[in-house]
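I have placed the structure first, in the form of structure tokens, so that the comments after it can refer back to it.
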Amino acid sequence: MLKVNGIDVFYGAIQALFSVSLEVQKGEIVTLIGANGAGKSTLLKTISGLIRPRTGSIHFEDIDITKKSSMEIVKLGISHVPEGRRVFPEMTVLENLELGAYLRKDKQGIKEDLKKVFERFPRLYERKNQLAGTLSGGEQQMLAIGRALMSKPKLLLLDEPSMGLAPILVTEIFKIIKEINSQGTTILLIEQNAHMALSIADRAYVIETGKIVLSGNAREIAANPEVKKAYLGG
7 MLKVNGIDVF
17 YGAIQALFSV
27 SLEVQKGEIV
37 TLIGANGAGK
47 STLLKTISGL
57 IRPRTGSIHF
67 EDIDITKKSS
77 MEIVKLGISH
87 VPEGRRVFPE
97 MTVLENLELG
107 AYLRKDKQGI
117 KEDLKKVFER
127 FPRLYERKNQ
137 LAGTLSGGEQ
147 QMLAIGRALM
157 SKPKLLLLDE
167 PSMGLAPILV
177 TEIFKIIKEI
187 NSQGTTILLI
197 EQNAHMALSI
207 ADRAYVIETG
217 KIVLSGNARE
227 IAANPEVKKA
237 YLGG
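Sequential numbering of the sequence shown, starting at 7, is according to the numbering used here.
Spelled out as structure tokens, the structure:
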């Protein structure tokens with residue numbers, strides 16, 4: 007479904023990603039783990055068209071998206087939930103969700119998907135007319151995921167969904183991620199909580215200083231002594 011092939015990414019003269027390749031198959035949850043500053047967010051931004059790679063290519067469902075705009079990439083079926091949630095604080099919950107569907111023309115479908123988001127996140131329904139900036143961190147994360155789902159993505163890119171959340175909410179968010187996946191959405195997940203990420207993923211990649219150093223079945227990666235020592239506190 008998604009093929010990233012040998013991309014090099016630079017910020018000015020500084021190289022952030024070095025010949026990075028990864029694949030995500032339809033229906034999978036794939037997680038990318040690594041320390042802060044390893045290049046995880048840069049990779050997601052490059053896939054979603056916010057940053058251009060200098061070399062290499064990115065294909066989604068056999069379409070070359072390397073040079074496509076973010077808008078074209080969303081139209082093709084990739085949605086990105088950025089690190090730090092990035093909801094629009096001065097807009098209501100409902101307005102944020104409607105914005106997620108801004109490229110869609112199917113009014114009835116939008117209505118139905120809005121209903122599904124509210125069923126999945128009852129707290130958002132309770133606060134639909136509240137300004138997004140007044141929500142708690144967990145509610146903002148739910149809103150960011152709900153907004154992304156409103157574009158009907160085939161592939162959902164999640165950047166640090168559990169960041170800054172209380173442990174009970176982390177468990178809830180991961181349960182929701184599994185549910186979204188079980189209903190047909192493929193997921194590429196970046197997460198500092200490596201233990202939680204590996205527990206729900208099918209496959210995993212480990213990135214260190216801009217290079218993929220390890221990949222494989224999530225359970226095998228979780229059992230790897232070096233991964234345990236570096237990321238799982240073992």
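Glycine is no exception: its CB is placed at the ideal position from the N, C-alpha and C atoms. Owing to the predicted nature of the structure, the values given are computational and were not obtained by experimental measurement.
- S47 and A154: beta carbons closer than 8 Å? As a first step, residue 47 is located in the sequence shown; it is residue number 41 there, counting from the start. As a first step, residue 154 is located in the sequence shown; it is residue number 148 there, counting from the start. No, the Cβ-Cβ distance between S47 and A154 is not below 8 Å.
- Query: Is it a yes or a no for the region 62-73 touching the region 120-138, going by three-plus beta-carbon pairs under 8 Å?
  - Reply: no
- Whole-angstrom C-beta distance between E34 and D208, which should lie under 8 Å: Taking the sequence shown and counting its residues from 1, the one referred to as residue 208 is at position 202. Taking the sequence shown and counting its residues from 1, the one referred to as residue 34 is at position 28. Between E34 and D208 the Cβ distance is about 5 Å, and since that is below 8 Å, they are a contact.
- Closer than 6 Å by C-beta to T72: which residues in its own chain qualify, once you throw out the five before and the five after it? Chain order, please. As a first step, residue 72 is located in the sequence shown; it is residue number 66 there, counting from the start. S63, I64.
- Nearest CA to the CA of A2: which residue from I213, G190, S188? No answer is possible for residue 2: it lies beyond the span of the chain, which begins at 7 and ends at 240.
- Item | Beta-carbon proximity list for P159, same chain, < 7 Å, skipping 5 on both sides | Here residue 159 refers to the residue found at position 153 of the sequence shown. G83, I84, S85, T191.
- Given that a residue counts as buried once 16 or more other Cβ atoms are within 10 Å of its Cβ, and exposed if not, what is N102? Counting from one through the sequence shown, the residue named residue 102 turns up at place 96. Buried, by the Cβ-count rule.
- Give the range of the alpha helix (DSSP H) segment to which Q147 is assigned. On the sequence shown, position 141 is the one that residue 147 refers to. Note, Q147: alpha helix (DSSP H), 143-155.
- Item | Rounded separation between E226 and Y211 - CA only | Numbered from 1 along the sequence shown, position 220 holds the residue referred to as residue 226. Numbered from 1 along the sequence shown, position 205 holds the residue referred to as residue 211. For E226 and Y211, the distance between alpha carbons rounds to 11 Å.
- Query: Excluding sequence positions up to five away, which residues of its chain have a Cβ less than 8 Å from the Cβ of E118?
  - Reply: Taking the first residue of the sequence shown as 1, we reach residue 118 at position 112. Excluding residues within five positions, none has a Cβ falling inside 8 Å.
- Item | Contact belief for E197 with E166 at Cβ below 8 Å, rounded distance in angstroms | Counted from its first residue, the sequence shown places residue 197 at position 191. Counted from its first residue, the sequence shown places residue 166 at position 160. Right, their Cβ atoms sit about 6 Å apart.
- Message: Quick check on R209: does DSSP put it in helix, strand or coil?
- Response: Residue mapping note: residue 209 aligns to position 203 of the sequence shown, counting from 1. R209: strand per DSSP, three-state reduction.
- Does DSSP put T191 in a helix, a strand or coil? What you label residue 191 is simply residue 185 of the sequence shown in a count that begins at 1. Note: T191 maps to coil in three-state DSSP.
- Query: If you drop the 5 nearest sequence neighbours on each side, which residues of the same chain put their C-beta closer than 8 Å to that of I174?
  - Reply: On the sequence shown, position 168 is the one that residue 174 refers to. For I174, where only same-chain residues beyond five positions count, there are no Cβ hits under 8 Å.
- Message: If I measure Cβ to Cβ from K74 and keep anything under 7 Å in the same chain, skipping five residues before and after, which residues do I get?
- Response: One-based indexing of the sequence shown puts residue 74 at position 68. Correct list, in chain order: G55.
- Query: So what does P29 bridge to, in DSSP terms?
  - Reply: Taking the first residue of the sequence shown as 1, we reach residue 29 at position 23. Note on residue identity: the sequence assigns Glu, not Pro, to residue 29. The partner list for E29 (beta bridge, DSSP) reads K9.
- From the DSSP output, read off the bridge partner residues of K217. Numbered from its first residue, the sequence shown carries residue 217 at position 211. K217 pairs with E214.
- Nearest CA to the CA of V93: which residue from Y237, V30, L149, Q31? If you number the sequence shown from 1, residue 93 lands on position 87. Comparing Cα positions, the closest option is L149.
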